[in-house]
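Participant:
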Amino acid sequence: MPAAPAADLNDVVAIVTGAASGLGAAVVGRFRSRGARVVAVDLDEGVRGLESDDGVVAVVGDVSHPGTAEAAVAAALSRFGRIDVLVNNAARFLLKPLAETSLEEWDGLMTTNVRSMFLFSRAALPAMVERGGGAVVNVTSISGIVGLANQTAYGATKGAIANFTKALAIEYAPHGIRANAIAPGTIDTPFIRRPLAELPDPEAVLAGIAATHPLGRIAQPEEVADAIVFLASPAAAFITGVVLPVDGGYTAA
Ligand SMILES: NC(=O)c1ccc[n+]([C@@H]2O[C@H](COP(=O)([O-])OP(=O)(O)OC[C@H]3O[C@@H](n4cnc5c(N)ncnc54)[C@H](O)[C@@H]3O)[C@@H](O)[C@H]2O)c1
Numbered sequence: 001m002p003a004a005p006a007a008d009l010n011d012v013v014a015i016v017t018g019a020a021s022g023l024g025a026a027v028v029g030r031f032r033s034r035g036a037r038v039v040a041v042d043l044d045e046g047v048r049g050l051e052s053d054d055g056v057v058a059v060v061g062d063v064s065h066p067g068t069a070e071a072a073v074a075a076a077l078s079r080f081g082r083i084d085v086l087v088n089n090a091a092r093f094l095l096k097p098l099a100e101t102s103l104e105e106w107d108g109l110m111t112t113n114v115r116s117m118f119l120f121s122r123a124a125l126p127a128m129v130e131r132g133g134g135a136v137v138n139v140t141s142i143s144g145i146v147g148l149a150n151q152t153a154y155g156a157t158k159g160a161i162a163n164f165t166k167a168l169a170i171e172y173a174p175h176g177i178r179a180n181a182i183a184p185g186t187i188d189t190p191f192i193r194r195p196l197a198e199l200p201d202p203e204a205v206l207a208g209i210a211a212t213h214p215l216g217r218i219a220q221p222e223e224v225a226d227a228i229v230f231l232a233s234p235a236a237a238f239i240t241g242v243v244l245p246v247d248g249g250y251t252a253a
């Protein structure tokens, strides 16, 4: 894995949701290695473990509750004095045929995956507008670009996130605020390991999934995190409204 560039984001303050695990935890690590300070948000109390580092404040809460977004913004402003970046990453997964999907499951996915983006963006953007700039990076999925069986509910949330991002980019461009999304292929995190663990031969299924990605493997969280940090950084200053596949060629095929 190539090393991340040296600390060059010392002035940056980022809010990262879903920070206790997988991709979100890798994003926090990549931001910290480049000097950015982070408000790390998660439902999982384990996110508090990140606070052993002075540059991280943890907020425990459900991202679909308005109070969690407000607490994250308040933590960023009171502890670090500013907000430059919002990474909307927290999400739930559901691998189920449409006919077996309950209304509660549908609503739960919409609430966690989509309402959270609305709440966190609405709460964080005023501070960026006041500063005259900022960057939002939303995490969608290849499931939001192509149709995948047993992912009607999950795919609908990820498609919504892709278009939410484009509309946000247009609306906030006059304020110097960029909004982009990344669409990962399969990443080796608990998100994918959990449902696979219920199958008789998870490793064989994982090998099959890897083979559907033209690069012949699934991603490590850090290499997807690098794409998020790139889109959040000044290196992407003229990029907005983009849904960037980080998928080993999955959606190019
Ligand atoms: N892993 C994959 O193969 C894959 C592929 C494409 C896209 N993604 C996307 O990447 C993002 C990160 O997924 P991951 O693979 O790191 O998953 P993960 O399960 O490892 O981490 C997700 C984190 O989000 C938190 N979270 C979930 N619901 C929450 C809520 N309501 N409030 C607060 N926190 C909540 C969880 O506690 C967890 O820490 C998600 O948006 C997911 O849709 C993942």
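Quick note: the sequence shown, position 28, residue 28 per full-length UniProt numbering, numbers continuous.
Using N, Cα and C, we set each Cβ at its ideal position, and we do this for glycine too.
If you scan the stretch 102–187 from start to end, which runs of the beta strand (DSSP E) of 3 or more residues do you find wholly inside it?
Facilitator: Taking only runs of at least 3 residues, the beta strand (DSSP E) segments lying wholly in the stretch 102–187 are 134–139, 177–184.
Participant: If you check the beta carbons only, do V249 and H213 fall under 8 Å apart?
Facilitator: The amino acid at residue 249 is misidentified as Val; the sequence shows Gly. Cβ distance < 8 Å, so G249 and H213 count as in contact.
Participant: Does the Cβ of G216 have 16 or more other Cβ atoms within 10 Å, making it buried, or fewer, making it exposed?
Facilitator: exposed
Participant: Along the beta strand (DSSP E) that carries P245, what are the first and last residues, could you check?
Facilitator: Its beta strand (DSSP E) spans residues 243–246.
Participant: Enumerate, from N- to C-terminal direction, the unbroken beta strand (DSSP E) stretches of 3 or more residues contained entirely within the stretch 16–76.
Facilitator: 37–42, 56–60
Participant: With a cut-off of 8 Å on the beta carbons, I'd call A71 and G55 a contact; round off their distance for me.
Facilitator: That belief does not hold up - the Cβ atoms of A71 and G55 are roughly 18 Å apart, past 8 Å.
Participant: Tell me N88's beta-bridge partners as DSSP assigns them.
Facilitator: Note: N88 sits in a beta bridge opposite N138.
Participant: State the Cα-Cα distance for the pair A69 and G241, rounded to the nearest angstrom.
Facilitator: 23 Å
Participant: Secondary structure at V12, three-state DSSP: helix, strand or coil?
Facilitator: If DSSP states are grouped into helix, strand and coil, V12 belongs with coil.
Participant: Beta carbon of V63: closer than 7 Å to some heavy atom of ligand 1?
Facilitator: yes
Participant: When you compare the CB positions of F230 and G22, do they come within less than 8 Å of one another, or not?
Facilitator: no
Participant: Starting from G249, follow the alpha helix (DSSP H) in both directions and report where the run begins and ends.
Facilitator: Where G249 is concerned, there is no enclosing alpha helix (DSSP H), given that its DSSP letter is neither H nor E.
Participant: Please tell me whether L168 and V129 are closer than 8 Å, where the distance is taken between their beta carbons.
Facilitator: At a Cβ-Cβ threshold of 8 Å, L168 and V129 do not count as neighbours.
Participant: I need the DSSP call for A219, collapsed to helix, strand or coil.
Facilitator: strand
Participant: Span of the alpha helix (DSSP H) holding P214?
Facilitator: Careful: P214 lies outside any alpha helix (DSSP H) and carries neither H nor E.
Participant: With burial defined as no fewer than 16 other Cβ atoms inside 10 Å of the residue's Cβ, what is the status of N163: buried or exposed?
Facilitator: Classified as exposed, N163 has fewer than 16 neighbouring CB atoms from the shown chains inside 10 Å of its CB.
Participant: Report the three-state DSSP secondary structure of T240 (helix, strand or coil).
Facilitator: coil
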